[in-house]
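Worksheet for the structure shown next.
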Amino acid sequence: MTRRAVRWLAGVAALAVLLAYPSLFGIYFTNSFVTFGIFALYAVSFNLLLGFTGLLSFGHAMFFGAGGYGTALALTHLKGLPLLPALALGVAAALALGVLLAPLMVRISGTAFAMLHLAFGQLMYVLALKLRTITGGEDGIGGFPIPPFSVPGVLSVDMKTPANFYYFAVAVLGFSVFALWFVTKTPFGCVMVGVRDNPNRVAYLGFRVPHTKAVVYLLAAGSAGVAGSVFAMFQNLVSADGALHVFVSFAPVQLTMIGGVGSFFGPILGSAIFGVISELTSRYTERVELVSGAILILVIMYAPLGVIGMWHAARARARARFAPRGAAEPAR
Amino acid sequence: MDPTTAMYVAQGLHGLAYGMLLFLVASGLTMVFGMMGILNIAHASFFMLAAYFSYQVLAFTGSFWLALLLAPVAAALVGVLCERFLLRRTHAFGHLGELILTVGISLVILEGVKVFWGTESLPIHVPPLLEGRLALGGLDYPIYRLFVIGLALVVLGVLAAVLYTTRLGMVVRAAVSDAGMVNALGINVPLLFMFVFGMGTWLAGVAGVAIAPILTVFPGLADQMGMDAFVVVVTGGLGSLWGAFLVSLILGELNSYGVQFVSQLAPVLMFLFMAIVLAIKPMGLFGERE
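Now the structure itself:
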């Protein structure tokens, strides 16, 4: 079989597993998978900033939260709003926040970028707690109607069934991840990496660094908004602690570092590993964050490029060992 | 003094006490930034850790004074160990790695504290000498807060004396402004940095023990102080002690009077202040570099 055929087969097999997943594994693991997917997209959007453009954000939760609050508010106040427009309104809220912040944020980088995001993220958190009439304060917004996925006159799928919501979430999240992956493969994706590695040279080549950063920033904001919007509908609740807390901002940092910061699929792998770890540790202790914090420290200390980086290093060593004699061995 | 004036003075003193403690925390943060170029996310965690240590010392010995003496030293010891065995080894991976490492440290301290001491808030009782209130010309003010202001002044006096009159202080100030040059002059900068890091966590620890009897000890203790200290350091100018001092006092008063007049929006005032300063001076009040 050729490599191409193997890839096709693997793709078809993966799709089949995805389709059969709810009936194979039951409701509990179906919901676990939706959570994994939401955080995978959220972490990928974060990694678009850190891994591809070199911008570390400690306030990414504000876009996640904006998406969640946008959708929740829209569904609460607009009667009979269909599913996809509700999603779109959440994304629009995240994008609006991104547009507001971008002019300031594209001019800074490094520690200042990280700290200003921490500060603005905390500001959003405090605002969500204090503006009770709009956001519901500590209780958040919950119990809003989840509209069915409908094509007028053709079909209407109830979204309150976990399996149906699973298909909707996987489609939306999968498409978003694919779109972001596609962007990194375009010439624009190369400019992004150039901005990370040497912004002066990119500017010298005639690309506009602030404009590039602004586009990446909005892409990251919008896709985090998608994740937040799906999260709000999945939980049928959005709250300051659940969507805007500083831990929600630290989550993608952890997921990305565990998986591998330099790779597009690193954050997804990190989300999967983290999901398994927290599933296992939560059976023994309530302090899942203690374990994940310790893992974060270990990863930074011993494997700064994450699991994917470790795998690449192991492969390189294996190649060096099994290379033809004389080629790899140093002259004595 | 009529009651209204007395209330304003009392609020002002509250703000002064908080501002002083804030500066104790922020001074270590800004010096560490000056030497290493990163903001230590875990800095406020050491502040909280010292408060828990003081609770433990108090539980063992029953002496608040012993707690005030030992707990900050213990927190500083943990800080020095973190610097020596964790932070120093990740230096090679650049600032982002170090920043993320401090996030990991803060998570572990926060959750570790919950494992050892639980999540409920623990009261700290001050010795009888500091209990009660002082009546002074119509003003009725708790003695303990006056003690906090005095304590902070003494600690800051010692800090200023060390930094501005001794040879060690001169070297530290030089390293904060240009660590590479100081290293080239033959001074062991990593060792010096370990000392500064320890001193910074000790200062934060003193603040942590001092604030514990006022707020009680609980896992969220570090949240507001940590955020406020970041705002102080960024607004005052990264690496600038005077900027940090000035902004700490301003923020302390802003908090205190803000709570009185616009209680709901007091936290927003602080960010508003930061946004205005950064819009006019992007590097902060006394900052020279990013």
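Residue numbers (this note's numbering), protein chains in the order written: chain A, 549 to 880; chain H, -17 to 272. We put the beta carbon where it would ideally sit given N, CA and C, even for glycine. This structure is a prediction, so every number in the text was calculated from the model and none was measured.
Query raised in the report: Quick one: does M858(A) have its CB under 8 Å from some CB of chain H?
Result: No, no contact with chain H.
Report task. State the DSSP-derived secondary structure class of V(-9)(H), mapped to helix, strand or coil. Result -> helix
**Report entry** Inside the stretch 124 to 153 of chain H only - alpha helix (DSSP H) runs reaching at least 4 residues
**Finding:** Complete alpha helix (DSSP H) runs here, min 4: 125 to 147.
**Report entry** DSSP state of I845(A) mapped onto helix, strand, coil
**Finding:** helix
**Report entry** Terminal residues of the beta strand (DSSP E) in which V699(A) lies
**Finding:** 697 to 699
Query raised in the report: Relative to the C-alpha of I106(H), which residue among L223(H), G190(H), L11(H), K263(H) is closest?
Result: G190(H)
Query raised in the report: Cα separation between V213(H) and A134(H)?
Result: In this model, V213(H) and A134(H) are separated by some 20 Å (Cα to Cα).
Query raised in the report: Since A117(H) sits in a beta bridge, which residues does DSSP pair it with?
Result: D122(H)
Requested in this report: Within its chain, find whatever has a CB closer than 8 Å to the CB of P693(A); leave out the 5 residues flanking it on each side and keep chain order.
Outcome: L623
Query raised in the report: Could you check where the alpha helix (DSSP H) with V565(A) kicks off and where it finishes?
Result: 551 to 595
Query raised in the report: Does the beta carbon of Q242(H) come closer than 8 Å to any beta carbon on chain C?
Result: Structure shown: chain C not included; protein chains present are A and H.
Report task. For the alpha helix (DSSP H) holding L766(A), just list the boundary residues, first then last. Result -> 757 to 783
Query raised in the report: Does the Cβ of G808(A) lie closer than 7 Å to at least one heavy atom of the ligand NAD?
Result: In the structure shown, the ligand NAD is absent, as is every other ligand, since no ligand is present at all.
Requested in this report: Specify the secondary structure class of V95(H) as computed by DSSP and reduced to three states.
Outcome: helix
Query raised in the report: So which of I262(H), L233(H), L251(H) has the shortest CA-CA distance to G(-6)(H)?
Result: That would be L233(H), whose Cα lies nearest to the Cα of G(-6)(H).
Query raised in the report: So M782(A) and A791(A) are in contact, right, with Cβ under 8 Å, and what is the actual spacing, rounded?
Result: Here residue 782(A) is Phe; the residue named in the question, Met, does not match the sequence. Not confirmed; about 12 Å, so no contact.
**Report entry** chain H contact for F611(A) (CB, 8 Å cutoff)
**Finding:** no
**Report entry** Endpoints, beta strand (DSSP E) assigned at L59(H)
**Finding:** Residue range 46 to 64 is occupied by the alpha helix (DSSP H) that includes L59(H), with no beta strand (DSSP E) assigned at that position.
Query raised in the report: Out of curiosity, what's the CA-to-CA distance linking G810(A) and L728(A)?
Result: Going by the C-alpha atoms only, they are around 15 Å apart.
Query raised in the report: At least one CB of chain A closer than 8 Å to the CB of G19(H): is that the case?
Result: It does: the Cβ of G19(H) has a partner Cβ on chain A nearer than 8 Å.
Query raised in the report: Cα separation between L666(A) and G701(A)?
Result: So the two alpha carbons sit approximately 47 Å from each other.
Report task. Name the residue from A211(H), P109(H), V259(H), T217(H) whose alpha carbon lies nearest to the alpha carbon of L185(H). Result -> A211(H)
Query raised in the report: With contact counted as at least three CB pairs below 8 Å, one residue from each stretch, are the stretch 768 to 778 of chain A and the stretch 668 to 675 of chain A in contact?
Result: A contact is defined here as three or more CB-CB pairs under 8 Å, and the stretch 768 to 778 of chain A fails this definition with respect to the stretch 668 to 675 of chain A.
Query raised in the report: What first and last residue would you give for the beta strand (DSSP E) that runs through L679(A)?
Result: First-last for L679(A): undefined, no H or E at that position.
Query raised in the report: Quick one: Cα of T601(A) to Cα of N748(A), how far?
Result: Within the model, the alpha-carbon separation for T601(A) versus N748(A) is close to 13 Å.
Query raised in the report: Which value, in whole angstroms, describes the spacing of the CA atoms of G19(H) and T659(A)?
Result: Near 8 Å, if we compare the C-alpha coordinates of T659(A) and G19(H).
Query raised in the report: So who's on the other strand from L104(H), going by DSSP bridges?
Result: BP columns for L104(H) point to V199(H).
Query - Three-way DSSP call (helix, strand, coil) for A879(A) in this model - result: Because A879(A) carries a pLDDT of 45, less than 50, the predicted location of this residue cannot be relied on, and no value is offered for it.
Query raised in the report: Quick one: Cα of T550(A) to Cα of W556(A), how far?
Result: 10 Å
**Report entry** S724(A), enclosing beta strand (DSSP E) - first and last residue
**Finding:** Unbroken run through S724(A) is the alpha helix (DSSP H), 710 to 733; no beta strand (DSSP E).
Query raised in the report: Looking at the unbroken beta strand (DSSP E) that takes in L703(A), where does it start and where does it end?
Result: Residues 703 to 705.
Query raised in the report: Between the stretch 177 to 206 of chain H and chain A, which residues of the former have a C-beta closer than 9 Å to a C-beta of the latter?
Result: D205
Query raised in the report: Can you find a CB in chain H that lies within less than 8 Å of the CB of E827(A)?
Result: no
Query - Element boundaries [alpha helix (DSSP H), containing L228(H)] - result: 223 to 243
Query raised in the report: For the candidate residues G266(H), F98(H), V188(H), Q242(H), whose alpha-carbon lies nearest to that of L51(H)?
Result: V188(H)
**Report entry** Interface flag, T760(A) vs chain H, CB-CB below 8 Å
**Finding:** no
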